[in-house]
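Working notes, beginning with the structure itself.
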Amino acid sequence: MADVDIGNAKKMTIICTKGTLDWAYPPFILATTAAAMDVDVTMFFTFYGLGLLDKKLNLSVSTLGNSSMRMPMGGMQMAMPNMIGMLPGVTAGTSVMMKNLIKKKGVASIEDLREAAVLSDVRMIGCQMTIDLFEKKEEDMIDGVELGGAATWMESALASDINLYM
Amino acid sequence: MPDITPDIVLDTKGLNCPLPILKAKKALTGMENGQHLELASTDPGAVKDFQAFCNATGNKLNAHWMDGDVFMFMIERIV
Numbered sequence: 012m013a014d015v016d017i018g019n020a021k022k023m024t025i026i027c028t029k030g031t032l033d034w035a036y037p038p039f040i041l042a043t044t045a046a047a048m049d050v051d052v053t054m055f056f057t058f059y060g061l062g063l064l065d066k067k068l069n070l071s072v073s074t075l076g077n078s079s080m081r082m083p084m085g086g087m088q089m090a091m092p093n094m095i096g097m098l099p100g101v102t103a104g105t106s107v108m109m110k111n112l113i114k115k116k117g118v119a120s121i122e123d124l125r126e127a128a129v130l131s132d133v134r135m136i137g138c139q140m141t142i143d144l145f146e147k148k149e150e151d152m153i154d155g156v157e158l159g160g161a162a163t164w165m166e167s168a169l170a171s172d173i174n175l176y177m
Numbered sequence: 361m362p363d364i365t366p367d368i369v370l371d372t373k374g375l376n377c378p379l380p381i382l383k384a385k386k387a388l389t390g391m392e393n394g395q396h397l398e399l400a401s402t403d404p405g406a407v408k409d410f411q412a413f414c415n416a417t418g419n420k421l422n423a424h425w426m427d428g429d430v431f432m433f434m435i436e437r438i439v
């Protein structure tokens, strides 16, 4: 919890800077798992990562700039040519493929992981500067988000055992 | 398979990392010291993860075994 210092508990912070479907997973998986292992977790959402706090998520994954992206298809690993990502509809297509795969393999959705993070008292800080910069509205974000800036994260980070940037 | 009657049985078959851990944690939170949780998982990473989870949280992994293709765990709640 935000203002309660539990003393002996280990602490971790994660800076979340990216809002794509693939990049949304590492911070939420680590945050929920750490919380389950009795770690006090603070997540700081900035720039495109701030979108992960929107009430309604519609995350996508693109082949563009993602040259190592491979999708399993008929027992093969299919490379996704970088260039096709420029064509209309391709990002929507790769996003649907990824979401279908996620469901099929029993991987949690980002919505579920985020809900689990909220339920396990992960502290979530939305970057005030990013809200101003991108003209985001606080009411579009999930409940329980605290707003703050670099110094707010620093205060947590200085008292933490692990600080991650994603 | 240990000769222990579990107080709670949890089926996480088909779920992938980190869901089995999250569900185990939720179940353990409501349990009393010395009670046992039996958990089933099909996640191949679960054996290593439950060992690490128990080491870090102080709960005791009394046993893990295979039931066909399913990874089984017996975790003792230590408060």
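As you go down the protein sequences, you meet chains A and B in turn. Residues 12 to 177 (the working numbering) make up the first sequence, in order. Residues 361 to 439 (the working numbering) make up the second sequence, in order. We put the beta carbon where it would ideally sit given N, CA and C, even for glycine. None of these values were measured; they are calculated from a predicted model.
Of all the CB atoms in chain A, is at least one closer than 8 angstroms to the CB of residue i?
i: Phe433(B); result: no
i: Phe413(B); result: yes
i: Asn376(B); result: yes
Would you verify that the beta carbon of residue i is, or is not, closer than 8 angstroms to some beta carbon of chain B?
i: Lys116(A); result: yes
i: Ile40(A); result: yes
i: Ala35(A); result: no
i: Ala119(A); result: yes
Please list the partners that residue i has in chain A, where partner means a Cβ-to-Cβ separation under 7 angstroms.
i: Ala416(B); result: Met48
i: Lys385(B); result: Ala47
Going along chain B in order, which residues have a C-beta closer than 7 angstroms to the C-beta of residue i?
i: Thr44(A); result: Pro378, Ile381
i: Ala103(A); result: Simply none; closest approach about 24 angstroms.
Roughly how many whole angstroms lie between the Cα atoms of residue i and residue j?
i: Met12(A); j: Met94(A); result: In this prediction, Met12(A) scores a pLDDT of 44, lower than 50, which makes its location untrustworthy; no coordinate-derived value is stated.
i: Trp425(B); j: Val407(B); result: 9 angstroms
i: Pro366(B); j: Thr24(A); result: 36 angstroms
i: Asp14(A); j: Met54(A); result: Confidence is the limiting factor: at Asp14(A) the pLDDT is only 48, short of 50, which leaves the residue's position unreliable, though a coordinate-based value still follows. About 15 angstroms.
i: Leu158(A); j: Ala47(A); result: 24 angstroms
i: Gly85(A); j: Cys138(A); result: 43 angstroms
i: Asp51(A); j: Lys21(A); result: 6 angstroms
i: Val439(B); j: Phe413(B); result: 14 angstroms
Does residue i pass the burial test, meaning 16 or more other C-beta atoms within 10 Å, or should it be called exposed?
i: Leu61(A); result: buried
i: Glu436(B); result: buried
i: Val369(B); result: exposed
i: Ala103(A); result: exposed
Residue i: beta carbon under 7 angstroms from a heavy atom of the ligand GTP?
i: Asn422(B); result: For the structure depicted, the ligand GTP is absent and the ligand set is empty, with no information on it obtainable.
Check the Cβ of residue i against every Cβ in chain B and list those closer than 8 angstroms, keeping chain order.
i: Ala127(A); result: Leu382
* **alpha helix (DSSP H) segments (min. 4 residues) lying fully within the segment 138-167 of chain A** => 139-144
* Hey, which unbroken runs of the alpha helix (DSSP H) at 4 residues or more fall wholly within the segment 47-102 of chain A? -> none
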